[in-house]
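Asks: So that we are looking at the same thing, I have put the structure below in structure tokens.
Residue numbers (the working numbering), protein chains in the order written: chain A, -2 to 186; chain B, 1048 to 1638.
Below, the structure written as structure tokens:
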């Protein structure tokens, strides 16, 4: 049985680093893993998604409608945008964080005020985190992606792996302490 | 050892293991990382060429000289490089020659959706299509061997999902093949009409041998499952089909897709009840299968437009099952998130200055600055292909003259795109005496594809220092008069507006070079990290003029405008458009 994991957010939020660490851990666990992400024009402040599939043997690297077992949204409007990809019984981990797109910044469109309520109503297993807030308390909001990573690892039941070692491989030494703390907090949420 | 690699990383690894010694490319999504990864192997000479034609010619020369050579480009890049491709099919190779074409179904970052498999029969070269990262590595190695065995360039065709998806790859050792001896042979390597007449006959004979080979190649293989449905497929479409049908179908997975294996296809079709062709975009395989007199279904079920995915296949074959799947329907309206010029982008000042002129047409080009067409700036009128800003602008001007239309034409082109194919357009504008207003937006990097070096940056792909090709000197050398050249800093709005006004009034070719490095370059980020702008609430009249520059660091919350200090780099454009002096700069530039 393959499992499908979707990470969604906005360019610059660190979704790619989180998915790199995650998929390396899955390989170590012995799974066949495929991961797909799109770079390009949309990266300039646009929506970004990374798709990870793992299992005994994976064919398609992409996740279709109602196929994601777990979705992690680094930004809450993006959670709504990608909701059709989540299985009915799927798990949603959502960061209570807003990034306004240009049409909202210039007053042409509105950012809805009831996003979290809406998501909680739609998704039975919806976990809301204040990852930016937590990361800021740890010293740098940029570590929000690692807080979210920790939470996802927990919801996948993969806490046992040597995540700290993998994390260290992908970050310069001066960022180790902060991000290890962020991971621990995420794992315990 | 098995590693999780993208298709692009795996192609680079394949080139390394195959003993490739020369590689050349021009960056283009989704192909860019192939050369970036090849550049990390010190055994290979790797370069960013100014355009794809140059890259293919560098690789062709290297191949004739005896090196195993690789070149890579996005699909539209092969249009630029089609000229050497077709003639190299006649000349053949000495060292293996592999040309990677990275197509972009779904147009994630492209201006069209062309299916480059058709180049193979058109140019009469071998075509390989890997379906995952392991195959990317294996097929690249095989492509070098086949290129030498059959004396032909090999086209390796990948797509965005193959390039940018990661899967497990078993690494191997590099095979040192060295550089073969070069023997002068003008009948083979100098394509005059007399030589080409002989070579064309040889090419056709070679294709016959390749057809034979294709029927026995391990790259074309049958995977038997239930025989009710037989699916002929290739590349990423194979993975999608496998996911949807599992063991409930048999598959003919084609890895060598030109020349196609006639006998294998016929045998497969005979052994199954019904034949389906599942492929992304054009009916390339289907047309061939039908030409063999085989009844099959393809494009009746699978759309030509857009990127394929398992959901589309499921919808086509099992509509009932597909309907059940999409059960979460979102009914909350969320705002769109279009791509935007970054906060602090030096292109913004120029586009803002242009947005003040009403009777102009702006001929745009390929790069981040294509976004000049987006609201609220909405400056750009047209985008065709790399370099077209200047030459198509010339056509606009001539047509307006013929039709007595009173509009001025501006062409906007980036530094890398200017080196790629803008120079010839500039020569044309001078030679044919236009009044074109050309703006070369020099942000000191090839930004859109993720910051690659170019002839103007002073660095090579492999990190060596290089001579800086000075755009201003090129402009002068081409014949633009000294008094018609301006070099401005687009962070200084007044200076930029004056230059734009002068260009507007000019009766001869006029060139403005806006010079300011991309805000995302690491050194620029570091230097400006302490900088930002902030709003003085007492002075702000809430006129919202600052929002018209379309900067993502400025946000309207209720009636008040806020500036996000994290995002803002203190470029000061908003400060310069504020009539009430309500925006001030804070912080200092770091060293």
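Heads up, the beta-carbon is just placed ideally off N, CA and C, and yes, glycines get one too.
Locate the alpha helix (DSSP H) running through residue 20 of chain A, then write down its first and last residues.
Replies: 12 to 25
Asks: Does the stretch 55 to 73 of chain A come close enough to the stretch 1278 to 1288 of chain B to have 3 or more Cβ pairs within less than 8 Å?
Replies: yes
Asks: So if DSSP puts residue 1457 of chain B in a beta bridge, which residue, or which two residues, is it bridged to?
Replies: B/1409 and B/1484
Asks: Please go through the same chain and pick out, in chain order, the residues whose beta-carbon is closer than 7 Å to the beta-carbon of residue 1638 of chain B, but skip the five residues on each side of it.
Replies: Model confidence at residue 1638 of chain B stands at a pLDDT of 48, short of 50, so the residue's coordinates are unreliable; what they give is reported in the following sentence. Result list for residue 1638 of chain B: empty, nothing under 7 Å.
Asks: I believe residue 1399 of chain B touches residue 1162 of chain B by the beta-carbon criterion, under 8 Å. Please report the beta-carbon distance rounded to the nearest angstrom.
Replies: 39 Å between Cβ atoms; not a contact.
Asks: Identify whether residue 186 of chain A lies in helix, strand or coil by the three-state DSSP scheme.
Replies: coil
Asks: At the level of alpha carbons, what is the spacing between residue 1450 of chain B and residue 11 of chain A?
Replies: 52 Å
Asks: With residue 1641 of chain B and residue 1344 of chain B assumed to form a contact (beta carbons below 8 Å), what rounded beta-carbon distance in angstroms separates them?
Replies: As displayed, chain B neither begins before 1048 nor continues past 1638, which places residue 1641 of chain B out of reach and without an answer.
Asks: Please go through the same chain and pick out, in chain order, the residues whose beta-carbon is closer than 6 Å to the beta-carbon of residue 1407 of chain B, but skip the five residues on each side of it.
Replies: 1455 and 1457
Asks: Comparing alpha-carbon positions, which option in B/1239, B/1634 and B/1419 lies nearest residue 1430 of chain B?
Replies: B/1419
Asks: Which one of B/1446, B/1377, B/1100 and B/1118 has the shortest CA to CA distance from residue 1084 of chain B?
Replies: Cα-wise, what sits closest to residue 1084 of chain B is B/1118.
Asks: Heavy atom of the ligand SAH less than 8 Å from the Cβ of residue 1401 of chain B, yes or no?
Replies: Looking at this structure, you won't find the ligand SAH or any other ligand, since it has none at all.
Asks: By a C-beta neighbour count over all protein chains shown, 10 Å radius and 16 as the cutoff for buried, is residue 8 of chain A buried or exposed?
Replies: buried
Asks: Taking the alpha-carbon of residue 1154 of chain B as reference, which of B/1452, B/1599, B/1313 and B/1207 has the nearest alpha-carbon?
Replies: Residue 1154 of chain B has its Cα closest to that of B/1207, out of B/1452, B/1599, B/1313 and B/1207.
Asks: Could you name the residues of the stretch 67 to 81 of chain A whose beta carbon sits closer than 7 Å to any beta carbon of chain B, in the order they occur along the chain?
Replies: Within the stretch 67 to 81 of chain A, those residues whose Cβ lies closer than 7 Å to any Cβ of chain B are, in chain order, 74, 77, 78, 80 and 81.
Asks: For residue 1287 of chain B, which residues in chain A fall below 9 Å Cβ to Cβ?
Replies: 56, 57 and 59
Asks: Under 8 Å by Cβ, that's how I've got residue 1174 of chain B and residue 1305 of chain B pegged, so tell me the actual separation to the nearest angstrom.
Replies: Separation of the CB atoms of residue 1174 of chain B and residue 1305 of chain B is rounded to 4 Å, and the pair is thereby assigned contact status at 8 Å.
Asks: Rounding to the nearest angstrom, what Cα-Cα distance links residue 1546 of chain B and residue 1484 of chain B in this structure?
Replies: 10 Å
Asks: In chain A, which residues lie less than 8 Å from residue 1594 of chain B when you measure between Cβ atoms?
Replies: 102, 103 and 104
Asks: If the criterion is Cβ atoms closer than 9 Å, does the pair residue 1533 of chain B and residue 1515 of chain B meet it?
Replies: no
Asks: Taking the alpha carbon of residue 131 of chain A as the point to measure from, which residue in A/90, A/112, A/19 and A/180 has its own alpha carbon closest?
Replies: A/180
Asks: Quick one: grab the DSSP three-state call for residue 160 of chain A.
Replies: Correct three-state label for residue 160 of chain A: helix.
Asks: Here's a check: name, in chain order, each residue in its chain whose Cβ is nearer than 8 Å to the Cβ of residue 1508 of chain B, leaving out the five neighbours to either side.
Replies: 1082, 1083, 1086, 1093, 1094, 1095, 1499 and 1500
Asks: Which residue marks the beginning of the beta strand (DSSP E) containing residue 87 of chain A, and which one marks its end?
Replies: Per DSSP, residue 87 of chain A belongs to the beta strand (DSSP E) from 83 to 92.
Asks: Classify residue 1061 of chain B as buried or exposed, calling it buried when 16 or more other Cβ atoms lie within 10 Å of its own Cβ.
Replies: buried
Asks: For residue 1214 of chain B and chain A, any beta-carbon pair shorter than 9 Å?
Replies: yes
Asks: Let me confirm a value: residue 1585 of chain B is counted as buried when at least 16 other C-beta atoms fall within 10 Å, else exposed. Which label applies?
Replies: Exposed: under 16 other Cβ atoms inside 10 Å.
Asks: Is the beta carbon of residue 1603 of chain B closer than 9 Å to that of residue 1621 of chain B?
Replies: Taking the C-beta atoms as reference points, residue 1603 of chain B is found no nearer than 9 Å to residue 1621 of chain B.
Asks: For the alpha helix (DSSP H) that contains residue 1079 of chain B, what are its first and last residues?
Replies: 1079 to 1085
Asks: Which residues of the stretch 1512 to 1533 of chain B have a Cβ closer than 8 Å to any Cβ of chain A? Give them in chain order.
Replies: none
Asks: List the endpoints of the continuous beta strand (DSSP E) containing residue 1120 of chain B.
Replies: 1116 to 1121
Asks: If we cut at 9 Å on Cβ distances, does residue 35 of chain A have a partner in chain B?
Replies: Cβ-Cβ to chain B under 9 Å: yes for residue 35 of chain A.
Asks: Using C-beta distances below 6 Å, list every residue in its chain close to residue 5 of chain A, excluding the 5 sequence neighbours before and after it, in chain order.
Replies: 46, 70, 75 and 79
Asks: With 16 as the cutoff for other CB atoms within 10 Å, does residue 1115 of chain B come out buried or exposed?
Replies: buried
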